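These notes are about the structure you will find just below.
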Amino acid sequence: MGQDLSVTSDSPKLIKSLKIIRKNTVYILKDMPKATKISKLIENLNKAFKNLQHPIVSLKTKENNEILDYWLSMPEKNLFPLCNDQELLPVYFTSVPLKVGIKSFEIIKVIGEGAYSIVTQVRKKDTGMIYALKSIKKQVIIKERLQQHLLAEKEILSTIDCPFVAKLNWAFQTKNKLHFVMDFYPGGELYYHLRNIHIFTEDQCRFYFAEILLGLEALHSRKIAYRDLKPENIVIDIDGHIRLTDFGLSKIDMYENSMSFCGSPEYMSPEMLQGKGHSNSVDYYCLGALLYEMLTGLPPYYDREPSKMFRKILEEELYIPEYLTPSCKNILAGLLTKNPDNRLGSNSAQDIKDHFWCKSINWDQYKAKMIKPPLVPNLRKSHFDRLVTDKKVPLFSDEEAQDLDFASFDFNLLPSNDKISRYYFETSHKNKRSESQKPAKKSVPDISQLKGESLIENGFSLGNLASTQVSPAFSPLNSPNSSCVANEAFNFHDFSVKFPRKLNKRLLVHSPNNISYQSERQLIEPVQDTSNNFGDYFRKSISEILAKIKK
Numbered sequence: 001m002g003q004d005l006s007v008t009s010d011s012p013k014l015i016k017s018l019k020i021i022r023k024n025t026v027y028i029l030k031d032m033p034k035a036t037k038i039s040k041l042i043e044n045l046n047k048a049f050k051n052l053q054h055p056i057v058s059l060k061t062k063e064n065n066e067i068l069d070y071w072l073s074m075p076e077k078n079l080f081p082l083c084n085d086q087e088l089l090p091v092y093f094t095s096v097p098l099k100v101g102i103k104s105f106e107i108i109k110v111i112g113e114g115a116y117s118i119v120t121q122v123r124k125k126d127t128g129m130i131y132a133l134k135s136i137k138k139q140v141i142i143k144e145r146l147q148q149h150l151l152a153e154k155e156i157l158s159t160i161d162c163p164f165v166a167k168l169n170w171a172f173q174t175k176n177k178l179h180f181v182m183d184f185y186p187g188g189e190l191y192y193h194l195r196n197i198h199i200f201t202e203d204q205c206r207f208y209f210a211e212i213l214l215g216l217e218a219l220h221s222r223k224i225a226y227r228d229l230k231p232e233n234i235v236i237d238i239d240g241h242i243r244l245t246d247f248g249l250s251k252i253d254m255y256e257n258s259m260s261f262c263g264s265p266e267y268m269s270p271e272m273l274q275g276k277g278h279s280n281s282v283d284y285y286c287l288g289a290l291l292y293e294m295l296t297g298l299p300p301y302y303d304r305e306p307s308k309m310f311r312k313i314l315e316e317e318l319y320i321p322e323y324l325t326p327s328c329k330n331i332l333a334g335l336l337t338k339n340p341d342n343r344l345g346s347n348s349a350q351d352i353k354d355h356f357w358c359k360s361i362n363w364d365q366y367k368a369k370m371i372k373p374p375l376v377p378n379l380r381k382s383h384f385d386r387l388v389t390d391k392k393v394p395l396f397s398d399e400e401a402q403d404l405d406f407a408s409f410d411f412n413l414l415p416s417n418d419k420i421s422r423y424y425f426e427t428s429h430k431n432k433r434s435e436s437q438k439p440a441k442k443s444v445p446d447i448s449q450l451k452g453e454s455l456i457e458n459g460f461s462l463g464n465l466a467s468t469q470v471s472p473a474f475s476p477l478n479s480p481n482s483s484c485v486a487n488e489a490f491n492f493h494d495f496s497v498k499f500p501r502k503l504n505k506r507l508l509v510h511s512p513n514n515i516s517y518q519s520e521r522q523l524i525e526p527v528q529d530t531s532n533n534f535g536d537y538f539r540k541s542i543s544e545i546l547a548k549i550k551k
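FYI, in UniProt numbering the residues of the sequence shown are 1 to 551.
Rendered as C-alpha cells:
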C-alpha cells in the first residue's frame, strides 16, 4: 500500500479518504475539501491518469446508489454528501450518434411503473448525465387507443417551461416503444413519503400547496387542464421542491367545458362523476383533495368500495377534523365545494392566493424557489419502492423506427440542453473528442508507469482493492437546505400498515362497454364523447354507472 501523502484532519469540512477504483486498483485521495466541485475533481483525475483511451466524464458509487450517482453526474455540485472512505468508479466518455436515441443511453435500473409504462434511470453515454426514461409499448398504445393522449403529453411537456412542471429533454421512438427522456427527480413521489410519514403539518402542507398551485396556474395560463393531480404524480427534486408529472390525462385547448370522463376515483370531482362537463375548476377540487390527504392521511370521502366512495363524493357533507385551524378548514371547504361554479378558484387562481390561509405565502419568493423546502431528500437513502427497483432491467431494442401513428412524436431539445453536463469534458479535453474516438495505439499504462510527482500533486495514495470498506456513521447532512425543519422526515419508519389507501384493484374505463380491472391504485382513463349517444350514457344516474362497473 502506498504512503499517505497528506496530513489527516478531523475537520468536518474535509473528506479524510476518498477512494477511486480503476482497473482493479484503488487510489486514495486524502483530506478532500467537501467544497470541491465535482468538475474540478474530474479534471484532476483526467490529469492524473495519463493517456486515457477515453476521458472520464463522471463518477458513480460502487454500490450504485441512484441518488448519489445523480448528484455525482452534475458538475456544478460539490462533494458535500460524500462520506469518508466513499468508493467511486470513473464513468468514461462513449461516442453516441448525433441524433439522440436509445443508443445514447445506458440503462441503469427500474425506478417506476405505470399502467402502461415503465420508468428506468439511465445515463447518457457521452456526458455521464443521469435522466429518467419513460417507455411505453406501441402495441399497448394502439390497443388502448392512447395515441392522442401520448402526443398531447409530449406537446405539453415540450412547450411548458415552468419550475414546477417536469422537464422533457428528448422524445424518440424505437421499433416497439415510445420514449420520453425526463429530468431525474431523486426524491421520488410525494405519495411514497406521505405513506411513510402519514400526515404533514399545516406549515409543511402550505409549502407543497403553494408550489403545486403555481404549477397549475402555469398550465391553466396555457389553456391546459391537468385532470390527474394526486400524490403519485408529484415528484420531488434533489433540493426538496416539487414537479408535476404524467400528463396523459391532460386536456389541451381548454376553452370550454370538457365532457371527458377520467381521473383517479379518490380525486374525482362531483361534476366529473355526473358527466355534466368540467372546466379548470376540476384541478382545484383535486388540489383541495390533495391538501386534505396531506393533513389527514386519506383523501376526502375515502372508502375501499368505489361505489360507496362515489356516493359520498356526490351526496355526503365533507368531514373536516377539529384539530385543523379555522382558516385551514375554510380553504378545504372552499376547494371541495361540490358546485364547481361556487368553488374557490372557479374565477382564477388568484382567489386561492388571496385566501387568508395563504396570507403568509410570499408568492414571488415561492416562484423563485427562494423558500427552503420543509423536507429534503436524504441523498444516501433510496426514495423509490424496493419492489420496483429490484426488478430486472428490461431489454430495449435499439432499432429505430418511424410509425405513421406516431409521426410527430420525436422531440429534440436544443443542443444547449447538454451544455452544462459537458462542462468538465469540454474544459479538460478541448479539441480531443475526435482523438479519443480513435483506437489506442498501445494499452493504457499501468499505475507503475505514472510519475510520482503526478500522484503527489493530485493528493493520491495507492490503496488495496481487497481492503475492507469502512462503514461511515450515517449523516443526514446532505444538502445546503438540510438545516430546515424536519430534514430527517424522509427517514421515518414505514407506516404503510396504518395507511390502507392503496386499493387492491385498478379500474380502467376506455368506453361504456369496455371495463376491466388491474392491480394497484385505481385510475379511470379518459373516455371521449365520440358518439351521439355517449353524452346520454353519462347523464344516466350515477347508480347505474356504478352498477355497471361492479359487474
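Glycine is no exception: its CB is placed at the ideal position from the N, C-alpha and C atoms.
Bear in mind that the values here come from a model prediction, so they are computed numbers and not experimental data.
I believe residue i touches residue j by the beta-carbon criterion, under 8 angstroms. Please report the beta-carbon distance rounded to the nearest angstrom.
{"i": "residue 94", "j": "residue 126", "result": "6 angstroms"}
{"i": "residue 110", "j": "residue 172", "result": "At roughly 20 angstroms, the Cβ-Cβ gap does not stay under 8 angstroms, so residue 110 and residue 172 are not in contact."}
{"i": "residue 67", "j": "residue 377", "result": "7 angstroms"}
{"i": "residue 90", "j": "residue 45", "result": "7 angstroms"}
{"i": "residue 204", "j": "residue 374", "result": "4 angstroms"}
{"i": "residue 395", "j": "residue 247", "result": "So it is not a contact: roughly 27 angstroms between Cβ atoms."}
{"i": "residue 92", "j": "residue 57", "result": "7 angstroms"}
{"i": "residue 116", "j": "residue 144", "result": "7 angstroms"}
{"i": "residue 200", "j": "residue 335", "result": "Contact doesn't hold; Cβ gap of about 17 angstroms is too wide."}
Drop a sphere of 10 angstroms on the beta-carbon of residue i, count the other beta-carbons inside from all chains shown, and report buried for 16 or more, exposed for fewer.
{"i": "residue 189", "result": "buried"}
{"i": "residue 321", "result": "exposed"}
{"i": "residue 35", "result": "exposed"}
{"i": "residue 553", "result": "Outside the shown range of the chain, which is 1 to 551, sits residue 553, and nothing can be said about it."}
{"i": "residue 129", "result": "buried"}
{"i": "residue 222", "result": "exposed"}
{"i": "residue 306", "result": "buried"}
{"i": "residue 309", "result": "buried"}
{"i": "residue 347", "result": "exposed"}
{"i": "residue 269", "result": "buried"}
{"i": "residue 206", "result": "buried"}
{"i": "residue 368", "result": "exposed"}
{"i": "residue 227", "result": "buried"}
{"i": "residue 460", "result": "Unreliable placement is indicated for residue 460, whose pLDDT of 39 sits below 50; the coordinate value is still reported in the next sentence. Its Cβ being crowded by 16 or more others within 10 Å, residue 460 is buried."}
{"i": "residue 51", "result": "exposed"}
Taking the Cβ atom as the reference point for each residue, do residue i and residue j lie within a distance shorter than 9 angstroms?
{"i": "residue 251", "j": "residue 212", "result": "no"}
{"i": "residue 85", "j": "residue 18", "result": "yes"}
{"i": "residue 284", "j": "residue 380", "result": "no"}
{"i": "residue 214", "j": "residue 363", "result": "yes"}
{"i": "residue 28", "j": "residue 38", "result": "no"}
{"i": "residue 186", "j": "residue 238", "result": "yes"}
{"i": "residue 338", "j": "residue 314", "result": "yes"}
{"i": "residue 176", "j": "residue 137", "result": "yes"}
{"i": "residue 61", "j": "residue 41", "result": "no"}
{"i": "residue 349", "j": "residue 220", "result": "yes"}
{"i": "residue 198", "j": "residue 297", "result": "yes"}
{"i": "residue 209", "j": "residue 318", "result": "no"}
Among residues of its own chain, excluding the 5 on either side of residue i, which ones have a beta-carbon nearer than 6 angstroms to its beta-carbon?
{"i": "residue 293", "result": "299"}
{"i": "residue 289", "result": "267, 299, 300"}
{"i": "residue 384", "result": "111, 188"}
{"i": "residue 371", "result": "365"}
{"i": "residue 230", "result": "264, 267"}
{"i": "residue 183", "result": "167"}
{"i": "residue 479", "result": "Any reading at residue 479 needs caution, since the residue's pLDDT is 32, under 50, leaving its predicted position unreliable; the model's value is listed next. The residues are 376."}
{"i": "residue 328", "result": "202, 357"}
{"i": "residue 433", "result": "Any reading at residue 433 needs caution, since the residue's pLDDT is 43, under 50, leaving its predicted position unreliable; the model's value is listed next. Correct list: empty, nothing qualifies."}
{"i": "residue 159", "result": "none"}
Go through its chain and collect everything with a Cβ distance to residue i's Cβ below 7 angstroms, but skip five positions before and after it.
{"i": "residue 162", "result": "215, 218"}
{"i": "residue 351", "result": "344, 345"}
{"i": "residue 245", "result": "166, 233, 235"}
{"i": "residue 118", "result": "110, 135, 394"}
Using C-beta distances below 8 angstroms, list every residue in its chain close to residue i, excluding the 5 sequence neighbours before and after it, in chain order.
{"i": "residue 13", "result": "33, 34, 35"}
{"i": "residue 108", "result": "64, 66, 69, 120, 121, 122, 123, 130, 393"}
{"i": "residue 104", "result": "96, 97, 124, 125, 126"}
{"i": "residue 164", "result": "211, 212, 214, 215, 218, 241, 242, 243, 244"}
{"i": "residue 191", "result": "230, 231, 232, 234"}
Which ranges would you report for the beta strand (DSSP E) in the segment 86-122 if only whole runs of at least 3 residues count? 86-92, 105-113, all fully within the segment 86-122.
Enumerate, from N- to C-terminal direction, the unbroken beta strand (DSSP E) stretches of 3 or more residues contained entirely within the segment 302-374. If we require 3 residues or more, the segment 302-374 turns out to have no beta strand (DSSP E) run fully inside it.
Tell me the start and end of each unbroken alpha helix (DSSP H) in the segment 201-246 that is at least 4 residues and wholly inside, in chain order. Counting only runs of 4 or more, we get 202-221.
Would you mind listing the alpha helix (DSSP H) stretches within the segment 269-299 that are 4+ residues and don't spill past its ends, in chain order? Segments of the alpha helix (DSSP H) lying fully in the segment 269-299: 270-274, 281-296.
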